[in-house]
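Residue numbers (our numbering), protein chains in the order written: chain G, 31 to 161; chain H, 85 to 279.
Quick reminder that beta carbons are idealized off the backbone N, C-alpha and C, glycines included.
Working notes for the structure below.
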Amino acid sequence: TVGCVVVDSQGRCAAATSTGGLMNKRTGRIGDSPLIGAGTYACDLCGVSCTGEGEAIIRATLAREVAAVMEYKGLGLQEAVDFVIKERLDEGKAGLIAVSNKGEVAYGFNCVGMFRGCATQDGFMEVGIWE
Amino acid sequence: MVGWAIAVHGGAGVDPNLPTERQEQAKQLLARCLNLGISALRSSASAIDVVELVVRELETDPIFNSGRGSALTEKGTVEMEASIMDGPRRRCGAVSGLTTVKNPVSLARLVMDKSPHSYLAFSGAESFAKQMGVEREENDYFITQDNVGMLKQAKEANSIVFDYRIPTNGFESCGVEVESPIQMNGLPISVYAPE
């Protein structure tokens, strides 16, 4: 699975995710990537794209959950990402990337590595795989 | 005005034994896609345009599991899915079961912009693609020899493999442990494989 999240200079957030799904999957099996609120979500607060064990991400409505705990619990972006990865996945293995309308960027995962990269306008840039 | 920010991912869960040159290839693609997004943002492109632009690039390169280089179904074919969402008015579009669309994320964008719907799937999504005139390919355009090899291994191991690469020398750590199967929906993953 691949994904991208962006907040632009006007504070508008967006997210997109795309995948071929599981190797050796049953034809017709749908994962989290096309399910708004599960694999992908964006609102005025944040944009989120998820990847990993689709069934666990769907059960957790993971992408929307990041926005919900920001909205209802008042968590910051990284706090919200850490909370949902830790508290909402049960035994599922997954990761996600997120941006906020304040120009923040965050990611989190609970398995061995995630191919990811992030950058901000003030010159920060990072590309990584492992913890 | 806020400072812009961008993040990309290429899948979670990585084999700790992934060869170094595969790691480098993956990081170079991530960096290239990040820079593509950064230059679009510097030209004041909107967030929704940038996420589509970057995911199209990731779909076109066969390194990760999307578009070209997608994981294969049990029948050795490709069925792709994608979604996109625009935060300000929570507009969204999603597609599933695509077999010919070169860039699924762009069809998802067209569902959002050019249809009254949020989600189209399988034959409906394919006929929408024809109607929209998006770029299409034969299904084997999306199939790589690497993935044909991985499907063979997955079948031999009688398992479904999650959204990450499996090592050529068998299943370790992130792949599905046949000995200690991963649970999916509360059942051992091996339950699904025979289906």
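Buried versus exposed call for residue i [16 or more other C-beta atoms within 10 Å across all chains shown]
{"i": "S79(G)", "result": "buried"}
{"i": "T104(H)", "result": "exposed"}
{"i": "V92(H)", "result": "buried"}
{"i": "Q237(H)", "result": "buried"}
{"i": "A144(H)", "result": "The sequence as given places Thr at residue 144(H); Ala does not occur at that position. T144(H) is exposed by the Cβ-count criterion."}
{"i": "P64(G)", "result": "buried"}
{"i": "S284(H)", "result": "Given that chain H is displayed from residue 85 to residue 279, the structure contains no residue 284(H) and the question cannot be resolved."}
Length of the line joining the Cα atoms of residue i and residue j
{"i": "Q108(G)", "j": "G147(G)", "result": "15 Å"}
{"i": "G290(H)", "j": "M53(G)", "result": "The structure shown does not extend to residue 290(H), since chain H is modelled only from 85 through 279, so no value can be given for it."}
{"i": "L75(G)", "j": "A110(G)", "result": "12 Å"}
{"i": "A46(G)", "j": "I127(G)", "result": "11 Å"}
{"i": "N231(H)", "j": "K103(G)", "result": "43 Å"}
{"i": "V114(G)", "j": "Y71(G)", "result": "14 Å"}
{"i": "A93(G)", "j": "L120(H)", "result": "24 Å"}
{"i": "C43(G)", "j": "A166(H)", "result": "18 Å"}
Close-in-space but distant-in-sequence residues of the same chain around residue i (CB under 6 Å, 5 per side omitted)
{"i": "I132(H)", "result": "D170"}
{"i": "L156(H)", "result": "N231, L235"}
{"i": "Y203(H)", "result": "A178"}
Under 9 Å from the C-beta of residue i: neighbouring residues of chain G
{"i": "P100(H)", "result": "V142, G143, W160"}
Reduced DSSP secondary structure (H/G/I, E/B, other) of residue i
{"i": "M234(H)", "result": "helix"}
{"i": "C117(H)", "result": "helix"}
{"i": "L204(H)", "result": "strand"}
{"i": "T144(H)", "result": "helix"}
{"i": "R42(G)", "result": "coil"}
{"i": "I90(H)", "result": "strand"}
{"i": "A149(G)", "result": "strand"}
{"i": "P193(H)", "result": "With the sequence shown as reference, residue 193(H) is identified as Arg, and Pro is not the correct amino acid for it. R193(H) falls in the helix class under three-state DSSP."}
{"i": "T157(H)", "result": "strand"}
{"i": "S127(H)", "result": "coil"}
{"i": "T31(G)", "result": "coil"}
{"i": "I127(G)", "result": "strand"}
{"i": "L92(G)", "result": "helix"}
Where residue i meets chain G, residues with beta-carbon distance less than 8 Å
{"i": "Q107(H)", "result": "I159"}
Chain G contact residues for residue i, given Cβ-Cβ distances below 7 Å
{"i": "H201(H)", "result": "The contacting residues do not exist; H201(H) stays about 12 Å from chain G at best."}
{"i": "V179(H)", "result": "P64"}
Closer than 9 Å to chain B by CB, residue i
{"i": "D224(H)", "result": "Annotation note: the requested chain B is absent from the structure, which comprises protein chains G and H."}
Cβ neighbours of residue i in the same chain (closer than 7 Å, five flanking residues each side left out)
{"i": "T252(H)", "result": "Bear in mind that a pLDDT of 41 at T252(H), under 50, signals an unreliable position, so the model cannot answer this."}
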